[in-house]
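Shown next, in structure tokens, is the structure this report addresses.
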Amino acid sequence: MGRCCHSIIYQTPYPMFVRHCGELFKTVSDGFVMNEYIDFWKNGFNFSGRCRRRDYWVFTLVNIIVMCVMAVVPPVLFIYGCLTVIPLLALIVRRLHDVGYSGGWVGLLVVSGGMLATDAVIIGLLFTAISAFVLFVFTFLDSEKGTNRYGADPKARDRARVKRRQARAQRSKTSERNPIDLARY
1 MGRCCHSIIY QTPYPMFVRH CGELFKTVSD GFVMNEYIDF WKNGFNFSGR
51 CRRRDYWVFT LVNIIVMCVM AVVPPVLFIY GCLTVIPLLA LIVRRLHDVG
101 YSGGWVGLLV VSGGMLATDA VIIGLLFTAI SAFVLFVFTF LDSEKGTNRY
151 GADPKARDRA RVKRRQARAQ RSKTSERNPI DLARY
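So the sequence shown is numbered by full-length UniProt numbering: it starts at 1 and just counts up by one.
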């Protein structure tokens, strides 16, 4: 029998199947962080639909790193912060939708931010801390399985894509095992 090609690394952004054994393995570029960051900007004003936990946290961690680098030049950090406010709120709303909660929970942050601008600074700080903690916990929750009122399950789409690839790999695997026998004809 031929040697399995697990050692071969394909440079594609998608998980690949080993041709001979049909097993799924992740490529070097699978889950590339910049893809998640670019998707954030593409969906910056999309308040509908769902966002997976992985997508949310990859962007959040990249955003923290970018903001730490930009902190060297405060005006640039301010401009970047202003540019990311609306897209970040949209991302949080989509993440809440994925968990099954209304995007109205983001209103807690808006109200608490408004309270900080008034004379009730201590109450505003307390309210901001509580609302940020509640939203922080919500973002760690697992997705609702299946379709909910906000859209299809993003994990289900990924699982369906993997099943299609597995079926395709299985078909190619069986066709390799059973080539057309020209000697019969």
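Note that CB positions come from ideal geometry on N, CA and C, so glycine has one too. Treat the numbers as computed from the prediction; the structure is a model and nothing was measured.
Residue i burial status per 10 Å Cβ neighbour count (16 or more: buried)
{"i": "Phe45", "result": "exposed"}
{"i": "Lys26", "result": "At Lys26, the pLDDT of 49 sits below 50, so the modelled position is not reliable and the matter cannot be decided from this model."}
{"i": "Ala120", "result": "exposed"}
{"i": "Val99", "result": "buried"}
{"i": "Phe140", "result": "exposed"}
{"i": "Gly2", "result": "Bear in mind that the predicted position of Gly2 carries a pLDDT of just 42, short of 50, making it unreliable; the figure below should be weighed with that in mind. Exposed, by the Cβ-count rule."}
{"i": "Leu91", "result": "buried"}
{"i": "Ala169", "result": "buried"}
Contact under 7 Å by Cβ, residue i with residue j
{"i": "Gly151", "j": "Arg50", "result": "yes"}
{"i": "Tyr56", "j": "Arg95", "result": "yes"}
{"i": "Met115", "j": "Gly107", "result": "no"}
{"i": "Val33", "j": "Val58", "result": "yes"}
{"i": "Met70", "j": "Val76", "result": "yes"}
{"i": "Ser102", "j": "Thr128", "result": "no"}
{"i": "Ser143", "j": "Lys155", "result": "yes"}
Per DSSP, cross-strand counterpart(s) of residue i
{"i": "Gly151", "result": "Asn148"}
Ignoring anything shorter than 4 residues, give me the alpha helix (DSSP H) runs that lie fully in the region 52-104, in order along the chain.
Look at the region 52-104 and you find these whole runs of alpha helix (DSSP H), each 4 residues long or longer: 53-70 and 74-99.
With a floor of 4 residues, list each alpha helix (DSSP H) that falls wholly inside the region 114-147, ordered by position along the chain.
For secondary structure counted as the alpha helix (DSSP H) over 4 or more consecutive residues, the region 114-147 holds these complete runs in sequence order: 121-140.
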